[in-house]
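Visitor: Encoded as structure tokens, here's the structure I'll be asking about.
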Amino acid sequence: MVEHDEAPGTFAKAVPSQISASKNMASRRHAGNSIGGPRSALTDFLASNNISAAQIRQDYQMRLQRATHQDEPTETQNEIENSNDDDDNDDDSVEVQEQGRKRKRRRAAALSKIKQNKEAARRKSRCIGGNDEDNDTIVKQMNNELQRIPDHIENCEICGKRFTVTAYSRTGPNGGLLCPKCSKDMANKEKKPTAKRRGPKSGRRQNQSNLLDGVALQGASSLVEMCTKKVADNIQNIEEFGDLPRQLLHRLSQILSKRRIITPRTLNLFLRPDLDSIDIYDCAKLETDDFQKIFMLMPLLTNVNLRFAGQMKDDSLKCMISHNIQIKNLCLDAVNLVSDPCWRLLFQKVGSRLESLKLSNLDSSLDDETVDEMCRCCTALRRLKLKECWRTGDASLRAISTLTALEHLSLGFVQETNADALLGVVSRLGPNLRTLSLEGFPDADDRLLSTIHDQCRLLCKLRLSDNTVFTDKGFVSLFKDWHNLPLRSVDLSSTRDVDYSNPDGPSDPTGLASEGFIALMKHSGSTIQSLNIASCRHISRAAFEAVFSEDRTYPNLKELDVSFNTVMDDYLANRIFRCCPSLKKLITFACFNVRDVRVPRGLALIGGLKAQDSIIVEGDS
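Under my numbering, the residue at position 323 of the sequence shown is numbered 1575, and the numbers go up by one with no gaps.
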């Protein structure tokens, strides 16, 4: 019994182990009947969880269909099969057909759900008199929005090709989406045609340039001016000017120089052997050979005017000496590469024939010895201009005082000079002078004004600028009981006290002030044409009102500069307009109270707070 009792327990314990061993053997026998390769950990994991690749592909396609609803309800079975040929093998055709049927069912369910969506209800409520057609329209609009979800496949509305939808896919004419090629073609068709370029217009910049030149255009320009500008616009296509008169050549030179397009090529258009004058106002782009070409091709030159001639050298000047023996009027600017010996040679060779000599912006040549040689050789000079000549001083002034034939004198030195030397020039030359221009002589005092009052009787132009020593009493004594003829041009700018700690100036006003201004207009108001009193800040408002009162008229005044006179305002500007019927140019820089003045027809107003706006054209008054 004991053995009988123990036998069942022993048998019970042995059964599980035997069953497990039998299973392992069966598994080995089953594995031995098939051919297998190496299995990865991922394959074992998928097999242990009953996951297959076909199931993964099917689930992915189902999710894609739910998210995008890419296919229309009317899509045929052939389209479904063609769309899946690239992804599935021939063995999966049955599965593809089943997926197509499922997509149809999901499509119908999605459309039914959209119709019941709150968004559809909200859009439909906005429609007045909505019906089933409106509901279908709303559903179609929402369907189009679903179609624009990126990263899914869609058929092009125009060409039918399949493409991947992106955020930049365009909508076709019927609400579908377009492939990139059709989108580009449609964008090109929608582009507006490029507008034809019209001729050049006179814009704001040109208007402001005209105003600075003192030109206030009213209507069209003259035919001659229009033709001249048209020639300048097409200067690169012109081979020669032909027999243009001297006036038009001079105007063309001004326009081209202002535009800075005088080059060796354009210079050839001005070189004619029969001409006796040449005026080039911007020679910055010309080389040394170009200057020699001028003098060699134009042997009859008597008038030479070359500005900014920085590349003119000794050889060029010597070429002029040898080829232009009839030269009488010479104007050269910035010819700093010409040496002093060459200047002296010029004066020795042609000085006896020179009637007019203008030299400016010379910082490295033309010293006192050269000026002395000029005065000894150029005894026939009637017009002399020396401006911004850095090396001239008192010795040059003493030499100039010997030119007794001078009628026009313009001096602007950089070096400080003695007041007595300048007094000697005015004392000796004053009786014959018709124009006198003195700039940059800070030591000149009221004695010079008294000398001008006593010696000068023929002046028509007077410039005394950039001085801080002249007094208002000195100007009163100059213009009061002056036996000189009334002046036509006066420039007394920047004659004022510069003590910024005392802006009102001393008790005895320095520079041109109220009394001197009134005396000036009493003496020359009837004939004056150009008046510059810029920066004469001690002229009071009462003086302006007295000069430009209602009973005063200045019929010849055409240009007036009252810049930096802070008392100037709209009221005084209107008084000036009434008293000056011929006024063409009024400059009011830093006159901050000149705001909304009404500008008469044909007058150029420059400066003021609204100088950037177009001028207001009123009537003839």
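Quick reminder that beta carbons are idealized off the backbone N, C-alpha and C, glycines included.
Since the structure is predicted, the reported quantities are computational estimates derived from the model, not experimental observations.
Does the Cβ of Y1752 have 16 or more other Cβ atoms within 10 Å, making it buried, or fewer, making it exposed?
Guide: Translated into the one-based positions of the sequence shown, residue 1752 becomes position 500. Classification of Y1752: exposed, given that the 10 Å Cβ count is below 16.
Visitor: Apart from the five residues just before and just after L1764, which ones in its own chain have a Cβ nearer than 8 Å to its Cβ?
Guide: Counted from its first residue, the sequence shown places residue 1764 at position 512. So the qualifying residues of the chain are F1722, D1724, F1727, L1744, T1747, R1748, L1772, I1785, C1788, H1790, I1791.
Visitor: So who's on the other strand from T1687, going by DSSP bridges?
Guide: Taking the sequence shown and counting its residues from 1, the one referred to as residue 1687 is at position 435. Looking at the DSSP assignment, T1687 forms a beta bridge with H1660, K1713.
Visitor: Between A1536 and I1514, what straight-line distance do the alpha-carbon atoms span, to the nearest angstrom?
Guide: In the sequence shown, counting from the first residue as 1, residue 1536 sits at position 284. In the sequence shown, counting from the first residue as 1, residue 1514 sits at position 262. Those two C-alpha atoms are separated by around 8 Å.
Visitor: Just how far apart, CA to CA, sit R1457 and L1552?
Guide: Reading the sequence shown from its first residue, position 205 is the one you call residue 1457. Reading the sequence shown from its first residue, position 300 is the one you call residue 1552. Between R1457 and L1552, the C-alpha separation is close to 40 Å.
Visitor: Consult DSSP for F1599 and reduce its assignment to one of helix, strand or coil.
Guide: Position 347 of the sequence shown holds residue 1599. If DSSP states are grouped into helix, strand and coil, F1599 belongs with the helices.
Visitor: Smallest Cα separation from R1686: which of N1719, V1846, C1641, R1634?
Guide: Here residue 1686 refers to the residue found at position 434 of the sequence shown. Measuring from the Cα of R1686, the nearest candidate turns out to be R1634.
Visitor: Would you check if the distance between the CB atom of S1608 and the CB atom of K1580 is smaller than 9 Å?
Guide: Taking the sequence shown and counting its residues from 1, one reaches residue 1608 at position 356. Taking the sequence shown and counting its residues from 1, one reaches residue 1580 at position 328. For S1608 and K1580, yes; Cβs fall inside 9 Å.
Visitor: With a threshold of 9 Å between beta carbons, is I1652 in contact with chain B?
Guide: Annotation note: the requested chain B is absent from the structure, which comprises a single protein chain.
Visitor: Cβ atoms of D1624 and A1647: under 9 Å apart, would you say?
Guide: Taking the sequence shown and counting its residues from 1, one reaches residue 1647 at position 395. Taking the sequence shown and counting its residues from 1, one reaches residue 1624 at position 372. Yes.
Visitor: Suppose contacts are defined by Cβ-Cβ distances below 9 Å. Is G1859 in contact with L1809 by that definition?
Guide: For this step, residue 1859 is matched to residue 607 along the sequence shown. For this step, residue 1809 is matched to residue 557 along the sequence shown. Taking C-beta atoms as the reference points, G1859 and L1809 fail to come closer than 9 Å.
Visitor: Give the list of continuous beta strand (DSSP E) stretches no shorter than 3 residues that lie fully inside the stretch 1699-1780.
Guide: 1713-1717, 1741-1743
Visitor: With DSSP as the reference, please indicate the residues paired to C1641 in a beta bridge.
Guide: Here residue 1641 refers to the residue found at position 389 when the sequence shown is read from its first residue. Answer is L1614, F1665.
Visitor: Who are the near neighbours of D1339 in its chain, counting only those whose CB is closer than 7 Å to its CB and skipping five residues on each side?
Guide: Locating residue 1339 in the sequence shown gives position 87, where the first residue counts as 1. Note on D1339: pLDDT 45, under 50, position unreliable in the model; the coordinate value appears next. Cβ within range, chain order: n/a, list empty.
Visitor: With a cut-off of 8 Å on the beta carbons, I'd call D1534 and R1559 a contact; round off their distance for me.
Guide: Stepping through the sequence shown from its first residue, residue 1534 is reached at position 282. Stepping through the sequence shown from its first residue, residue 1559 is reached at position 307. The pair is a contact, with the Cβ atoms about 6 Å apart (cut-off 8 Å).
Visitor: Reducing DSSP to helix, strand and coil, say where K1545 ends up.
Guide: As a working mapping, residue 1545 is identified with position 293 in the sequence shown. Of the three classes helix, strand and coil, the one that applies to K1545 here is helix, per DSSP.
Visitor: How many angstroms separate the CA atom of N1407 from the CA atom of S1300?
Guide: As a working mapping, residue 1407 is identified with position 155 in the sequence shown. As a working mapping, residue 1300 is identified with position 48 in the sequence shown. Distance between the alpha carbons of N1407 and S1300: 40 Å.
Visitor: Quick one: what's got a C-beta closer than 7 Å to A1795's C-beta in the same chain, skipping five residues either side?
Guide: In the sequence shown, counting from the first residue as 1, residue 1795 sits at position 543. Contacts found: S1766, F1769, I1770.
Visitor: Are the beta-carbon atoms belonging to D1848 and D1822 less than 9 Å from one another?
Guide: By one-based count along the sequence shown, residue 1848 stands at place 596. By one-based count along the sequence shown, residue 1822 stands at place 570. In contact: D1848 and D1822 (Cβ atoms closer than 9 Å).
Visitor: Helix, strand or coil for A1856? Go by DSSP, reduced to three states.
Guide: Here residue 1856 refers to the residue found at position 604 of the sequence shown. The answer is strand: DSSP assigns A1856 an E or B state.
Visitor: Short check: CB of K1837 to CB of A1825, under 9 Å?
Guide: For the purposes of this step, residue 1837 is identified with residue 585 of the sequence shown, where counting begins at 1. For the purposes of this step, residue 1825 is identified with residue 573 of the sequence shown, where counting begins at 1. No, the Cβ-Cβ distance between K1837 and A1825 is not below 9 Å.
Visitor: Kindly indicate which three-state DSSP category L1463 falls into: helix, strand or coil?
Guide: Residue mapping note: residue 1463 aligns to position 211 of the sequence shown, counting from 1. Helix at L1463.
Visitor: Compare the C-alpha of C1712 against each of D1706, S1689, D1697 and name the closest.
Guide: Translated into positions along the sequence shown, residue 1712 becomes position 460. Looking at the Cα atoms, S1689 is the closest of the given residues.
Visitor: Going by DSSP, name the residue or residues bridged to F1415.
Guide: Taking the sequence shown and counting its residues from 1, one reaches residue 1415 at position 163. Paired residues: E1406.
Visitor: A1586 and N1613: beta carbons closer than 9 Å?
Guide: In the sequence shown, counting from the first residue as 1, residue 1586 sits at position 334. In the sequence shown, counting from the first residue as 1, residue 1613 sits at position 361. Yes.
Visitor: Name the residue from T1703, N1462, S1653, M1548 whose alpha carbon lies nearest to the alpha carbon of N1736.
Guide: Position 484 of the sequence shown, counting from 1, holds the residue named residue 1736. N1736 has its Cα closest to that of T1703, out of T1703, N1462, S1653, M1548.
Visitor: Please identify the residue among Q1460, L1521, Q1563, S1435 whose C-alpha is closest to the C-alpha of N1486.
Guide: For this step, residue 1486 is matched to residue 234 along the sequence shown. Out of Q1460, L1521, Q1563, S1435, L1521 has the C-alpha closest to the C-alpha of N1486.
Visitor: Report the rounded CA-to-CA distance for D1541 versus L1475, giving the unit in angstroms.
Guide: Here residue 1541 refers to the residue found at position 289 when the sequence shown is read from its first residue. Here residue 1475 refers to the residue found at position 223 when the sequence shown is read from its first residue. In a straight line, the C-alpha of D1541 is about 37 Å away from that of L1475.
Visitor: How about K1610 and V1590: are their beta carbons less than 9 Å apart?
Guide: On the sequence shown, position 358 is the one that residue 1610 refers to. On the sequence shown, position 338 is the one that residue 1590 refers to. When the beta-carbon positions are compared, K1610 and V1590 stay at least 9 Å from each other.
Visitor: Which first and last residues belong to the beta strand (DSSP E) in which C1583 is found?
Guide: Numbered from its first residue, the sequence shown carries residue 1583 at position 331. Its beta strand (DSSP E) spans residues 1581-1585.
Visitor: Span of the beta strand (DSSP E) holding N1784?
Guide: Taking the first residue of the sequence shown as 1, we reach residue 1784 at position 532. Its beta strand (DSSP E) spans residues 1782-1784.
Visitor: For the stretch 1552-1584, which segments carrying the beta strand (DSSP E) assignment without a break, of at least 3 residues, lie completely within its bounds, in sequence order?
Guide: 1555-1558
Visitor: Label C1479 either buried or exposed according to how many other C-beta atoms from any shown protein chain fall within 10 Å of its C-beta, with 16 as the threshold for buried.
Guide: On the sequence shown, position 227 is the one that residue 1479 refers to. By the 10 Å Cβ count, C1479 comes out exposed.
Visitor: Please go through the same chain and pick out, in chain order, the residues whose beta-carbon is closer than 7 Å to the beta-carbon of S1834, but skip the five residues on each side of it.
Guide: To locate residue 1834, count along the sequence shown from 1; it is residue 582. Excluding residues within five positions, the ones whose Cβ falls inside 7 Å are P1807, N1808, L1809, K1810.
Visitor: Start and end of the beta strand (DSSP E) containing K1482?
Guide: Your numbering for residue 1482 matches position 230 in the sequence shown. Element bounds for K1482: not the beta strand (DSSP E) but the alpha helix (DSSP H), 1475-1485.
Visitor: Go ahead and label G1682 buried or exposed: buried means 16 or more other beta carbons lie within 10 angstroms of its beta carbon, across all protein chains shown.
Guide: The residue given as residue 1682 occupies position 430 in the sequence shown. Label assigned to G1682: buried.
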